[in-house]
Amino acid sequence: MAKSLFSSFLVHNDHPSSFSPSSSSSSHNSYTVLRKINQNDVASSIKDWFNTLDPLITRIFQILSSTDSSSYNDDAAVDASLSALTLPRLDESFVLTVLHHGTAAAHVYPCLRFFHWAGRQPDFHHTRGTFSAIFRILAPAPSVEGLDEFLQSFNRRGPALCGSNRFGHAVRLVREFGNLGLVPLDHAYGVCIRDLVQGGRLNEALKFYRQKKEDEGYIPGLGSYNLLIYKLLRENRLIEVYDLFTDMSETNVPPNTATMNAVLCFFCKAGMADVALDLFKSRSEFMLSPNHMAYKHLILALCWDGNAKEAFSVFKSSIDHCFIPDTGTFTRLANVLCRECMIDEMKELLHFALEWKIMPNASTYDNFITALCRTGRVEDSYLIHGELKGASSSRAYANMIKGFKELNRGDIAARLLVEMKEKGHKVTPALCRVVVCCLLQMDNSRSRFLSLFEMLSHNDRQHYIYDCFIDAAGHAKQAELAWKVFELMQRNGIQPTSSSLFLMLKAYLESGRTYDALNFFNNVWSRGLATRKLYNCLVVSLCKSKNPEPAYLLLQQMLRDGFHPSIECYENLVLALCSSKRYHEAVNLVNVYEKMGRQLTSSLGNILLSQSMSSLEVYNACVRLRGVKEEGETDWSMLSFVVGAFYDHHRVSHVEDLEKLIAKCFPLDIYTYNLLLRKACKSDMGQACELFERMRRRGFEPNRWTYTILVYGFKRHGTRDEAERWFQESKRILSNKETRMLILRNN
Numbered sequence: 001m002a003k004s005l006f007s008s009f010l011v012h013n014d015h016p017s018s019f020s021p022s023s024s025s026s027s028h029n030s031y032t033v034l035r036k037i038n039q040n041d042v043a044s045s046i047k048d049w050f051n052t053l054d055p056l057i058t059r060i061f062q063i064l065s066s067t068d069s070s071s072y073n074d075d076a077a078v079d080a081s082l083s084a085l086t087l088p089r090l091d092e093s094f095v096l097t098v099l100h101h102g103t104a105a106a107h108v109y110p111c112l113r114f115f116h117w118a119g120r121q122p123d124f125h126h127t128r129g130t131f132s133a134i135f136r137i138l139a140p141a142p143s144v145e146g147l148d149e150f151l152q153s154f155n156r157r158g159p160a161l162c163g164s165n166r167f168g169h170a171v172r173l174v175r176e177f178g179n180l181g182l183v184p185l186d187h188a189y190g191v192c193i194r195d196l197v198q199g200g201r202l203n204e205a206l207k208f209y210r211q212k213k214e215d216e217g218y219i220p221g222l223g224s225y226n227l228l229i230y231k232l233l234r235e236n237r238l239i240e241v242y243d244l245f246t247d248m249s250e251t252n253v254p255p256n257t258a259t260m261n262a263v264l265c266f267f268c269k270a271g272m273a274d275v276a277l278d279l280f281k282s283r284s285e286f287m288l289s290p291n292h293m294a295y296k297h298l299i300l301a302l303c304w305d306g307n308a309k310e311a312f313s314v315f316k317s318s319i320d321h322c323f324i325p326d327t328g329t330f331t332r333l334a335n336v337l338c339r340e341c342m343i344d345e346m347k348e349l350l351h352f353a354l355e356w357k358i359m360p361n362a363s364t365y366d367n368f369i370t371a372l373c374r375t376g377r378v379e380d381s382y383l384i385h386g387e388l389k390g391a392s393s394s395r396a397y398a399n400m401i402k403g404f405k406e407l408n409r410g411d412i413a414a415r416l417l418v419e420m421k422e423k424g425h426k427v428t429p430a431l432c433r434v435v436v437c438c439l440l441q442m443d444n445s446r447s448r449f450l451s452l453f454e455m456l457s458h459n460d461r462q463h464y465i466y467d468c469f470i471d472a473a474g475h476a477k478q479a480e481l482a483w484k485v486f487e488l489m490q491r492n493g494i495q496p497t498s499s500s501l502f503l504m505l506k507a508y509l510e511s512g513r514t515y516d517a518l519n520f521f522n523n524v525w526s527r528g529l530a531t532r533k534l535y536n537c538l539v540v541s542l543c544k545s546k547n548p549e550p551a552y553l554l555l556q557q558m559l560r561d562g563f564h565p566s567i568e569c570y571e572n573l574v575l576a577l578c579s580s581k582r583y584h585e586a587v588n589l590v591n592v593y594e595k596m597g598r599q600l601t602s603s604l605g606n607i608l609l610s611q612s613m614s615s616l617e618v619y620n621a622c623v624r625l626r627g628v629k630e631e632g633e634t635d636w637s638m639l640s641f642v643v644g645a646f647y648d649h650h651r652v653s654h655v656e657d658l659e660k661l662i663a664k665c666f667p668l669d670i671y672t673y674n675l676l677l678r679k680a681c682k683s684d685m686g687q688a689c690e691l692f693e694r695m696r697r698r699g700f701e702p703n704r705w706t707y708t709i710l711v712y713g714f715k716r717h718g719t720r721d722e723a724e725r726w727f728q729e730s731k732r733i734l735s736n737k738e739t740r741m742l743i744l745r746n747n
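Right, here's the structure in full:
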């Protein structure tokens, strides 16, 4: 693992490393060390480092571990097995490599056997380095007897000094032992590092290691490296972990299984789950056996990347190796599987949970119910809900209700709605609509509706449920049922609120019963209960149903009653009046709107401009009302001038001048630009193209109508090739836009 290969990947990154407890002990905690680039190179480099562990060494330890652990001096058995191997020349380097491998893997007896075996070979004599290595292995092993009294004394005093905050004294003691030649300094340094880390003094351990490395060229044993790496990983200090990996590689310290697992966790935390997954899949190449920590972080990293399929595959591998994930890992995996609607995998996961006595939380079941509903398996979701004994969330209830509505099972949807209220969840108007609309498509719909209403309103003295059912009946275009609920409300002594009145009026209008709606409104008005909201609703509905006359009279009454009509009221009524060619009333209404101190909206302005392109009466109405001046001294006279220009009553030399005049009257939108484009295309396609580019520069995205205007404009002027080019351009642009919108909707 060459340092130059990874140095370019050191970047600030916001990838979360929340998989394990974080620490504030390092300024590097907010950093992630690898960017997701050149991942094949990264994985290849790591594999090369992993493969520095010679398969021959693995075979040696298989032999050394296969004999009886109580008879490690069985020289004949060891000699016979090792002699069958083709070993390289026995020297200090090879012996240290073998012992390094066993240091952190707790291979105490196999290491001791190999040490004895090497010492018996005729061409090899143990060195200070090999004695240091075996000392490192034997010192922490409490079951190994025969160490002299001095070493026992050191093991007691050294750690005690490190752990009791007497670090300086411990270092002096180590130096004294080293000067006397009583103990190898490498081992003493390793003991200091170990006890500092275990004593919660990680920063001091790192400082000590770096100082000894710089001053004396100290190379820690594999166990010390792993101890530091795992502690740093738990605190998410990834840059320092990276530095230690680099040091190990550059000093030719071969990794063992613990190191490989740490590397796997490192890449998961660094946001490079793909690299970690590649190493995991290649584990047989270098005999990597993932531990619980590696499995956990790989599953979580893959879940974070949305790779549910691979995350579940790794989970199954962990189960096969008896590594059971904790509740957090299980929940995260379950949520990702549900999000991806991987139902069969989710069922298998729940089976594992029951087998290993992991209790999924309510949120997990809710997500599973949602996933089942999304895939059309509503009956299965209902069975899961039954097993939970009604402990589902409101979201799960809502999804099941909508699912049964799709199956036309209004009876079950109604049952769920009642149960939902009994469990303390709020019945929303939207859910009530879903259930009522479904019930009203079944046999005996009226009795089903009233039965559901009775169950939900029983002992409920609030108007909320009544309002929900009035709204739902109106949405289903069943004004009679809405009126029935409204009557029951009054009969039960519940005073209708303004919301209740609004919903009842809306129910009449949605059912197409305009006459009843007007009568209901008159009754409410006569009792002094008419509100601005009621007026607005009735005026807009009358306009949309092409009844501008009563709408116009109502708006005038609304003004007399001191209410200010909404912008929607004005826009709909002006459009309805213009559609009926009642231009004088329409222009007068716009004038009333402006006199109230309101700015002319794009919609109102566009209606007048659009109508003026086909009729001079709009301009005449403007002139009769307020007049027009070429200089445009007032807002109204300027608007009148613009209206006249659109009918070609006033000549404007360039469309850009007209654009500027309109901007002084009201804000331009894409509809306004399309109107300008229509006008420009009548006389000058050059100006039309300039307007098109100007429109885009100002952030207005052309729509299908925009391109249609240009295509027909070029055809009208006889330039069919240009018309074809614009037509093809429109197909490309609009197709890409619609594709983007489809993607956004699906996401």
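Straight run, no breaks: the sequence shown in the UniProt record's numbering ends on number 747.
Heads up, the beta-carbon is just placed ideally off N, CA and C, and yes, glycines get one too.
Terminal residues of the continuous alpha helix (DSSP H) containing residue i?
i	result
Leu206	Leu202 to Glu216
Val418	Gly410 to Glu422
Asn674	Ile670 to Ser683
His717	Premise fails: His717 is in no alpha helix (DSSP H) and is neither H nor E.
Cys111	Val108 to Arg120
Ser282	Unbroken run through Ser282: none, as it is neither H nor E.
His297	His292 to Trp304
Gly386	Val378 to Glu387
Ile219	Ile219 -> no alpha helix (DSSP H), and no H or E assigned at all.
Thr259	Thr257 to Lys269
Whose CA, out of the options, lies closest to the CA of residue i?
i	options	result
Val435	Leu734, Asn674 and Phe404	Phe404
Tyr464	Ser566, Ser451, Leu503 and Ala270	Leu503
Lys484	Asn236, Arg513, Leu383 and Phe453	Phe453
Glu510	Arg491, Cys681 and Ile470	Ile470
Val263	Gly129, Met685, Ser580 and Leu288	Leu288
Leu279	His292, Ala270, Lys296 and Asn261	Asn261
Ala586	Val711, Leu538 and Ala576	Ala576
Phe666	Ile229, Asp516, Thr601 and Glu419	Thr601
Trp705	Cys689, Ser730 and Lys715	Ser730
If you run the structure through DSSP and keep just helix, strand and coil, what is residue i?
i	result
Arg732	helix
Arg582	coil
Glu340	coil
Phe727	helix
Asp648	coil
Gln611	helix
His351	helix
Arg128	helix
His475	helix
Leu182	Annotation note: pLDDT 49 at Leu182 (below 50); position unreliable, no value reported.
Lys595	helix
Gln198	helix
Ala398	helix
Trp356	coil
Ser70	Because Ser70 carries a pLDDT of 44, less than 50, the predicted location of this residue cannot be relied on, and no value is offered for it.
Asp274	helix
Gly528	coil
Glu701	coil
Phe666	coil
Phe312	helix
Gly493	coil
Pro325	coil
Ala84	coil
Val623	helix
My assumption, with CB atoms under 8 angstroms, is that residue i sits in contact with residue j. Please give the rounded CB distance.
i	j	result
Ile63	Leu82	6 angstroms
Leu608	Glu571	11 angstroms between Cβ atoms; not a contact.
Val253	Tyr225	6 angstroms
Leu298	Leu277	7 angstroms
| request: Could you tell me which uninterrupted alpha helix (DSSP H) segments, each at least 4 residues in length, are contained entirely in the region 495-525, listed from first to last along the chain? | output: Taking only runs of at least 4 residues, the alpha helix (DSSP H) segments lying wholly in the region 495-525 are 498-510.
| task | Kindly provide the ranges of any alpha helix (DSSP H) runs that are 4 or more residues long and lie completely inside the UniProt repeat "PPR" (221-255), ordered along the chain. | result | 222-234 and 238-250
| said: Which runs of the alpha helix (DSSP H) at least 4 residues long sit entirely within the UniProt repeat "PPR" (531-565)? Give them in chain order. | reply: 532-544 and 548-560
| message | For a minimum of 4 consecutive residues, which ranges assigned as the alpha helix (DSSP H) are wholly contained in the region 442-487? | response | 445-457 and 464-475
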